[in-house]
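Protein chains: 2
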Amino acid sequence: MTAHTSRLTGQVRVVGAGLLGASIGLGLKARGVDVILDDASPANLRLAIDYGAGRLSRADDAPTLVVVCVPPDLTARVVAAELKAHPAAVVTDVASVKVGPLSEVERTAESQTTGGVDVGRYVGSHPLAGRERGGAISARADLFIGRPWVVCTRPELSRSRTQVVESLILDLGAVPVELNTVAHDAAVALVSHAPQLVATLMAKRLMGSSDAALGLAGQGLRDVTRIASSDPELWVQILGANAPAVAEILRGVRDDLDTVLGALDDPEASGARRALAEELAAGNAGVARLPGKHGQDRRFAQVVVMVEDAPGELGRLFTEMGEIGVNLEDLRLEHSPGAAIGLAEIAVLPEAQQRTIDELSARGWRIAGS
Amino acid sequence: MTAHTSRLTGQVRVVGAGLLGASIGLGLKARGVDVILDDASPANLRLAIDYGAGRLSRADDAPTLVVVCVPPDLTARVVAAELKAHPAAVVTDVASVKVGPLSEVERTAESQTTGGVDVGRYVGSHPLAGRERGGAISARADLFIGRPWVVCTRPELSRSRTQVVESLILDLGAVPVELNTVAHDAAVALVSHAPQLVATLMAKRLMGSSDAALGLAGQGLRDVTRIASSDPELWVQILGANAPAVAEILRGVRDDLDTVLGALDDPEASGARRALAEELAAGNAGVARLPGKHGQDRRFAQVVVMVEDAPGELGRLFTEMGEIGVNLEDLRLEHSPGAAIGLAEIAVLPEAQQRTIDELSARGWRIAGS
Numbered sequence: 003m004t005a006h007t008s009r010l011t012g013q014v015r016v017v018g019a020g021l022l023g024a025s026i027g028l029g030l031k032a033r034g035v036d037v038i039l040d041d042a043s044p045a046n047l048r049l050a051i052d053y054g055a056g057r058l059s060r061a062d063d064a065p066t067l068v069v070v071c072v073p074p075d076l077t078a079r080v081v082a083a084e085l086k087a088h089p090a091a092v093v094t095d096v097a098s099v100k101v102g103p104l105s106e107v108e109r110t111a112e113s114q115t116t117g118g119v120d121v122g123r124y125v126g127s128h129p130l131a132g133r134e135r136g137g138a139i140s141a142r143a144d145l146f147i148g149r150p151w152v153v154c155t156r157p158e159l160s161r162s163r164t165q166v167v168e169s170l171i172l173d174l175g176a177v178p179v180e181l182n183t184v185a186h187d188a189a190v191a192l193v194s195h196a197p198q199l200v201a202t203l204m205a206k207r208l209m210g211s212s213d214a215a216l217g218l219a220g221q222g223l224r225d226v227t228r229i230a231s232s233d234p235e236l237w238v239q240i241l242g243a244n245a246p247a248v249a250e251i252l253r254g255v256r257d258d259l260d261t262v263l264g265a266l267d268d269p270e271a272s273g274a275r276r277a278l279a280e281e282l283a284a285g286n287a288g289v290a291r292l293p294g295k296h297g298q299d300r301r302f303a304q305v306v307v308m309v310e311d312a313p314g315e316l317g318r319l320f321t322e323m324g325e326i327g328v329n330l331e332d333l334r335l336e337h338s339p340g341a342a343i344g345l346a347e348i349a350v351l352p353e354a355q356q357r358t359i360d361e362l363s364a365r366g367w368r369i370a371g372s
Numbered sequence: 003m004t005a006h007t008s009r010l011t012g013q014v015r016v017v018g019a020g021l022l023g024a025s026i027g028l029g030l031k032a033r034g035v036d037v038i039l040d041d042a043s044p045a046n047l048r049l050a051i052d053y054g055a056g057r058l059s060r061a062d063d064a065p066t067l068v069v070v071c072v073p074p075d076l077t078a079r080v081v082a083a084e085l086k087a088h089p090a091a092v093v094t095d096v097a098s099v100k101v102g103p104l105s106e107v108e109r110t111a112e113s114q115t116t117g118g119v120d121v122g123r124y125v126g127s128h129p130l131a132g133r134e135r136g137g138a139i140s141a142r143a144d145l146f147i148g149r150p151w152v153v154c155t156r157p158e159l160s161r162s163r164t165q166v167v168e169s170l171i172l173d174l175g176a177v178p179v180e181l182n183t184v185a186h187d188a189a190v191a192l193v194s195h196a197p198q199l200v201a202t203l204m205a206k207r208l209m210g211s212s213d214a215a216l217g218l219a220g221q222g223l224r225d226v227t228r229i230a231s232s233d234p235e236l237w238v239q240i241l242g243a244n245a246p247a248v249a250e251i252l253r254g255v256r257d258d259l260d261t262v263l264g265a266l267d268d269p270e271a272s273g274a275r276r277a278l279a280e281e282l283a284a285g286n287a288g289v290a291r292l293p294g295k296h297g298q299d300r301r302f303a304q305v306v307v308m309v310e311d312a313p314g315e316l317g318r319l320f321t322e323m324g325e326i327g328v329n330l331e332d333l334r335l336e337h338s339p340g341a342a343i344g345l346a347e348i349a350v351l352p353e354a355q356q357r358t359i360d361e362l363s364a365r366g367w368r369i370a371g372s
């Protein structure tokens, strides 16, 4: 048995036993919470229960929190139904869009002649977490650890209800971020939905090209297009639900693209190169605003080691790094297809850089640039 | 002294002592080649010579190969001058665009009243290699190892002259790829120049946003926008020189973007969701065409290990992987800014997956999904 170490009190009902729902169930069960699972598909539900993500509901259940983890298109309807079915519970959801579902929940509540639904019990939320693969089969209790999880604030929401959802978030190891619904939808349009479409449209261009051309691709193209492999069905729902916010950003992209196309159509014209330079400089400024470590952390010095593309070579490098006693702060691997050699770009503390180079060289490693 | 192990015979003259020129010099010198360096800037030249990338020219030099490594805007002019100055040499260049420079070289040759220049001695080439930082100070002999390096074929080129350039490429450890100039420029427009602008335009959108919104950014946005930090000055030259090919691809992007915007402006309209789904599916198909290992290699199984964001933790993980005797085939690190924990996604041979999970778990590592 697991000790009860949850910030939550009472039963938690999770509706929708896919990747997110089952991961929430696993995470809460690990903290000793009584998790009730439900899913429109009996097969999905049984699978998630087999994985230990929760139990079947019983007639006398009285959840204090309901977490709706159904596809975006169904979210509002299920939230409204849960508000009605569990009149004492706070209801949250994990959909990646928040404005539309909230007004749909409000409309549904108003239209109910029995008038028994208090929309003030609905606190929308959105964990910025996921995996390439979906379903309970990919679920993990640690899916949310360290990830931001937005709680959508509204003036009429009571602090105690918001806190129930924040307890859920903290229980799962995530970082609560309070935003109102409009700010949330604008933010995810910018950091997630518009980039998805930009990557998609660039990747689509690769369809008509020759293998020879694609053989010249480097890490840049791979990075720009990586997320274009995401699930179309899910993304149609997300984009449809956040269409105005995504369209606003993409209209900005389209206007700038027209500027770029104008400059490319006559690159010798007066002002054409300046227009290109200004777009490129604005891109520099934009990417520099991104927080975080990867690729722009100046606290560390870099050592680039050449690694044969043979089994065990990378492991041997890290073993020897350990033997030397140098801490590996970050790492990036680069190799081109078919190449017999790759580059391991290792970040170390600046004071350890020279020693790392010397010791690895002494052990026969080829260090780039030295 | 270094043994002479080059495929090249005679002196090689490198014009332009920046990152590429100095790296070529270093690589050839390591094979015992006599490298003559030149640069319009005496300070650059002196620096590259100090780094060991070559020597000053002498009056009796008679290079058999000249490699022009000057900025794209100057390439054709310098190639023409070198063809004239060294009537026995094959002349190549490393500019990332090939159609424009070739016709400029041809025009220059025709206009020369002395008529002494044989454009058949010019064999354009393009190494797909580089670094974020430029200059001789960033040069390295191994910059080209394993990278594709295009040799631009033309019907009138003699095989022996093309082979001189391929010898250079092989000497530097790169992989020669033969393409005609038009195919080359279309290929780099697709795999490099258009993605650069797509990343730039997406990154520019980040300028007006709030810190709260940017705090929600994940690896997807980081990947899409990473190359937007490239040098505007260099890119204006590249884009200007390959404008028609880049514009053709970006016009395709713009047309698709208009389709997407039409769907987003009225997502409930008949056909809107289908239009979005088709774009997303086309993106899936495009990215699936990219060759190479990273992120899509099915030969390996994955183990996801949770790593505290503390000094030495990553090194300890790799040391223990070495102790266990499991070969690390590939690795990807993910952590969100400010998070106390990161994920190391380790690729291992499928038969080693369970043992890796068991042994790492036994040593106290938290394995995601297990």
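If you read the sequences in order, they're chains A and B. Last residue of the first sequence: number 372 in the numbering used here, and the count goes up by one each step with no gaps. Last residue of the second sequence: number 372 in the numbering used here, and the count goes up by one each step with no gaps. Cβ atoms here follow ideal geometry from the backbone N, Cα and C, with glycine treated the same way.
| Query | Result |
| --- | --- |
| Contact set for Gly-102 (chain B): own chain, Cβ-Cβ below 6 Å, skip 5 residues either direction | Ala-243 |
| Three-pair Cβ contact test at 8 Å for the stretch 82 to 100 of chain B versus the stretch 56 to 71 of chain B | yes |
| Residue span of the alpha helix (DSSP H) that contains Glu-310 (chain A), given as start and end | Glu-310 (chain A) -> not in any alpha helix (DSSP H); beta strand (DSSP E) instead, spanning 303 to 310. |
| Residue nearest to Gly-12 (chain B) in terms of C-alpha spacing, selected from B:Ala-90, B:Leu-28, B:Gly-54, B:Leu-47 | B:Ala-90 |
| Alpha-carbon to alpha-carbon, Gln-304 (chain A) and Lys-295 (chain A) | Since pLDDT at Lys-295 (chain A) reaches only 45, below the 50 mark, its modelled position is unreliable, and the value read off the structure follows with that caveat. Straight-line Cα distance between these residues: approximately 13 Å. |
| Partners in chain A for Ser-194 (chain B), counting only beta-carbon separations shorter than 9 Å | Leu-218, Ala-219, Gly-220, Gly-222, Leu-223 |
| Sub-7 Å separation of Pro-150 (chain B) and Val-177 (chain B) beta-carbons | yes |
| Chain-ordered neighbours of Asn-182 (chain B) on chain A, where CB pairs are closer than 9 Å | Simply none; closest approach about 11 Å. |
| Val-81 (chain B) versus Val-93 (chain B): straight-line alpha-carbon distance, rounded | 7 Å |
| Three-pair Cβ contact test at 8 Å for the stretch 278 to 289 of chain A versus the stretch 225 to 232 of chain B | yes |
| Within 7 Å, strictly: CB atoms of Asp-258 (chain A) and Leu-203 (chain B) | yes |
| For Val-93 (chain A), the first and last residue of its enclosing beta strand (DSSP E) | 92 to 95 |
| Burial state of Ala-50 (chain B), where buried means 16 or more other Cβ atoms lie within 10 Å | buried |
| Pairwise C-alpha distance: Asp-120 (chain A) and Gly-18 (chain A) | 22 Å |
| Residue from B:Gly-317, B:Ala-349, B:Ile-326 with nearest C-alpha to Phe-302 (chain B) | B:Ala-349 |
| 7 Å Cβ cutoff, Pro-339 (chain B) in contact with chain A | Only weak support is given to the placement of Pro-339 (chain B): the predicted model assigns it a pLDDT of 44, under 50, and the value that follows is read from those uncertain coordinates. Chain A contact via Cβ: present. |
| Gly-122 (chain B) at chain A interface by Cβ criterion, 7 Å | no |
| Coil, strand or helix - Ala-370 (chain B) by DSSP | coil |
| Sub-7 Å separation of Thr-321 (chain B) and Thr-321 (chain A) beta-carbons | yes |
| Pick from A:Ala-131, A:Leu-192, A:Val-248 that is closest to Gly-264 (chain B), judged by C-alpha positions | A:Val-248 |
| Beta-carbon proximity list for Thr-7 (chain B), same chain, < 7 Å, skipping 5 on both sides | Arg-33, Gly-34 |
| Spatial distance of Pro-352 (chain A) from Gly-222 (chain B) (CA atoms) | 29 Å |
| Among A:Glu-250, A:Leu-266, A:Gly-273, A:Thr-261, the one whose alpha carbon lies nearest that of Val-262 (chain B) | A:Glu-250 |
| For Cys-154 (chain A) and Ser-211 (chain A), the rounded distance between their alpha carbons | 44 Å |
| Nearest residue (CA-CA) to Leu-21 (chain A), options A:Gly-137, A:Arg-365, A:Ala-284, A:Ser-59 | A:Gly-137 |
| Option nearest Gly-56 (chain A) by Cα separation, candidates A:His-88, A:Val-14, A:Ala-45, A:Ala-42 | A:Val-14 |
| Short Cβ contact (7 Å threshold) for Trp-367 (chain A) with Val-307 (chain A) | yes |
| Buried or exposed (CB count within 10 angstroms, at least 16 for buried), Pro-293 (chain B) | exposed |
| Top-ranked residue by Cα proximity to Tyr-53 (chain A), from A:Ser-25, A:Glu-112, A:Tyr-124 | A:Ser-25 |
| Whether Thr-358 (chain B) touches Val-328 (chain B) by CB criterion (7 Å) | yes |
| Residue closest to Leu-345 (chain A), alpha-carbon to alpha-carbon, out of B:Gly-132, B:Pro-65, B:Leu-76, B:Ala-111 | B:Gly-132 |
| Beta-carbon proximity of Pro-74 (chain A) to Gln-239 (chain A), cut-off 7 Å | yes |
| Per-residue DSSP class, three states only, for Pro-73 (chain A) | coil |
| Proximity below 7 Å, CB of Leu-278 (chain A) to CB of Leu-241 (chain B) | yes |
| Alpha carbon of Glu-361 (chain B) to alpha carbon of Tyr-124 (chain B), nearest angstrom | 59 Å |
| Neighbouring residues, chain B, relative to Ala-50 (chain A) (Cβ below 9 Å) | Per Cβ cutoff of 9 Å: no residues; Ala-50 (chain A) is ~14 Å from chain B at best. |
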